[in-house]
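Notes to accompany the following structure.
Numbering (this note's numbering), first residue to last: 214 to 435.
Put into structure tokens, the structure is as follows:
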């Protein structure tokens with residue numbers, strides 16, 4: 214593992230402090246349970262989009278999925294594929310009915326149509342889905358903390374879970390939305406900067422194109 218430089222430490226500390234500050238400031242909007250769970254139904258498109266993108270377009274979709282794809286192949290795609298299809302179904306079939314009925318969860322609107330048994334089944338299904346989402350987030354945090362500090366997987370998982378839990382409890386949906394928007398901006402800026410740096414370090418245009426994408430097939434003498 215490459216040694217952690219002072220620049221890495223400063224960048225990590227500044228990013229963590231910035232995200233923590235965003236979460237704490239956003240938490241001031243939480244005055245009731247409705248504010249915590251659904252933003253008091255005052256959250257605009259930016260907050261809703263930030264909540265979704267901050268949850269899905271983050272470590273679980275980048276570090277977590279990319280790492281698993283490198284290790285196990287295309288099966289790691291199921292998280293991002295399922296999340297994308299789930300968002301599509303939510304936008305097309307559930308968002309408007311949930312809003313009109315004043316429900317806070319999909320389980321509430323399902324139970325109002327199909328009875329209490331459907332509420333139990335949908336609650337179990339959603340809990341399993343959330344569990345898989347949390348696992349993907351923790352995998353991303355474990356990979357990051359291991360690479361930065363060289364700690365073991367168990368300690369990295371515990372530290373990630375504590376940070377995630379503290380952050381969610383401090384701001385609710387407002388904290389998730391605002392910080393999700395900020396995190397998405399940081400993520401895309403970092404990817405763009407990293408790509409530019411990698412392109413420059415590779416030598417510029419001649420180097421990446423000096424080798425064919427599909428190398429010629431070699432044949433061994435018979």
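Even glycine gets a Cβ: it sits at the ideal position worked out from N, Cα and C.
In the structure shown, residue 315 adopts coil according to DSSP, grouped into three states.
Under the 8 Å Cβ criterion, the stretch 295–315 does not count as touching the stretch 221–236, having fewer than three qualifying pairs.
Relative to residue 342, the option among 371, 268, 362 and 414 whose CA is nearest is 268. The continuous alpha helix (DSSP H) containing residue 346 extends over residues 329–362. Within the stretch 227–286, complete alpha helix (DSSP H) segments of at least 4 residues are found at 246–251, 258–269 and 278–285, given in chain order. Judged by DSSP in its simplified three-state form, residue 365 adopts coil rather than helix or strand. DSSP, read as helix, strand or coil, puts residue 222 in helix. The continuous stretches of alpha helix (DSSP H) do not include residue 303, and DSSP gives it neither H nor E.
Using a Cβ-Cβ distance cut-off of 8 Å, the stretch 252–261 and the stretch 320–339 are not in contact, since fewer than three pairs of beta carbons, one from each stretch, lie closer than that value. Taking a cut-off of 8 Å on C-beta distances, the stretch 256–266 touches the stretch 391–401, as three or more cross pairs fall below it. In the three-state reduction of the DSSP assignment, residue 217 falls in the coil class.
Measuring C-alpha to C-alpha distances from residue 240 to each of 302, 339 and 382 identifies 382 as the nearest.
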